[in-house]
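A short write-up of the structure that comes next.
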Amino acid sequence: MQRRNFVKSTFGAAGLGLTGAAVSSESFAENWHSQPTFLAKNHFKLKYAPHFGMFENSAGKDLIDQLKFMADMGFTAMEDNGMMGREPALQTKLGEEMARLGITMGVFVLDKGGNGQNTLAAGKQEYIDIFLNGCKKAVETAKRCNTKLTTVVPGDFERKLPIGIQTGNVIDALRRGADILAAGNLTMVLEPLSDTPNLFLRTSDQTYEICRAVNSPSCKILFDIYHMQKNEGHIIPHIDWCWSEIGYFQIGDNPGRNEPTTGEINYKNVFKHIYQKQKAENKEFIFGMEHGKSQQGKEGEVALIKAYVESDNFTV
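Just add 4 to the spot in the sequence shown (first one is 1) and you have the numbering used here.
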C-alpha cells in the first residue's frame, strides 16, 4: 500500500485542520501534500517518539502499519518499552522497517524483573546477577532493533540499610552493567520515577550524582518530565543542572499523564529550551511519548497529533 493511500484509509474524515475546519477523506487524500493540516506529514523540530498502540484506532493492530502511520504523521522516532519481550524475528523485522522509514528507535526497558524488583540497593548477588544477565540480553535485543538506548530502574529501597550504603550498592552494580553495555555500544538511561515512594531512584539530582559516580558514557539519565514535575518541579532549572548527564527525555502532562496541552506543564517553553540547548551543542535527543490520550478513539489520536503540532510551534 502506498503511504498516501495508507493515510487516506486510516484517518479519512477524522482530519481537522489547524483552524479546526473539517477535512473530508477525499479532499485530504487529494491535497495532503499541500494543505496546511497537521494530518499531512509534519516536520517536527524535535524527535518525538510514539509507542505501539498509540495510533491503533487509525492504523490498526499490525505493528508495521503503525510504524508507517507514525512516519506519515511526521514522527521520526519511536519507543517500545516491551521490545525485549518480543520474538527475536519480530525485533529484527521492526528494526528493518524503522530503518526503511527513517525512524530512530528509542528506548526499551531492560528486563530485570520489574521496576521495584531485584533491587540493586540491597547489594545481593542474586539481584546483581539478574541485572547483569539482563544487560547481556539487552545488547542482543538492541542489535536486532537498531537502538543504542535501554531504560533501567534500579528497584526499591532496601530500608534496612543506610542510604549511603544503598547508593554505593547501586553504583557498584551499575558500573558492572555499564561495562557490558559499553562493549555492545548500548547506553542505559536511569529513570527516576514517581509511581511509588518505595522506589529508590526518585529525583534528577540523585540520578545525576549516581551517573557521575558510575562515570561511564553508557550510564545516563532518562529525564521523564511527567515524573519530575510530580517529584521535584522546577523543570527547566533541573534540566540545566543535569544537562551533561541526560541521555533521553520522556513526555507526559500532569495531572493525568496525557499529551501536552492537557495539564499544567508549559511544554512549548520546555521544548524550546531543550531545542536551543541541544542545537548549541550539536546534540539530538529523542523524546519518548510515554503517556496516554485525553480522548478516546480516532478523535483522541487526532487531538494528540494536534497537541504536538501546537507544542512544537515555537520560535527559534
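A virtual CB, placed ideally from N, CA and C, is assigned to each residue, including glycine. In this text, all values refer to a predicted model and were calculated from it rather than measured experimentally.
Check, Outcome
"What are the boundary residues of the alpha helix (DSSP H) that ALA75 is part of?", "67-76"
"State the Cα-Cα distance for the pair ASP160 and LYS45, rounded to the nearest angstrom.", "42 Å"
"With DSSP as the reference, label ILE255 as helix, strand or coil.", "coil"
"In the DSSP assignment, what residue or residues form a beta bridge with ALA81?", "THR108"
"Where are the beta strand (DSSP E) runs, 3 residues long or more, that stay fully inside the segment 173-235, in chain order?", "191-194 and 223-228"
"Determine the contact status of MET192 and SER208, defining contact as a CB-CB distance below 8 Å.", "no"
"Which of the three DSSP states, helix, strand or coil, is assigned to HIS277?", "helix"
"Where do the N-terminal and C-terminal ends of the beta strand (DSSP E) with GLY292 fall, by residue?", "290-292"
"Would you kindly work out how many angstroms separate the C-alpha atoms of SER198 and GLU101, rounded to a whole number?", "34 Å"
"Kindly list the residues whose CB is nearer than 8 Å to the CB of ASP257, restricted to its own chain and excluding five residues on each side of it in sequence; keep chain order.", "TYR230, GLU263, PRO264, THR265, THR266, GLY267, GLU268, ILE269, TYR271 and HIS295"
"According to DSSP, simplified to helix, strand and coil, what is LYS164?", "coil"
"For VAL113, which beta-bridge partners are listed by DSSP?", "THR155"
"Out of curiosity, what's the CA-to-CA distance linking ASN235 and GLY292?", "19 Å"
"Could you compute how far the alpha carbon of GLY188 sits from the alpha carbon of MET87?", "17 Å"
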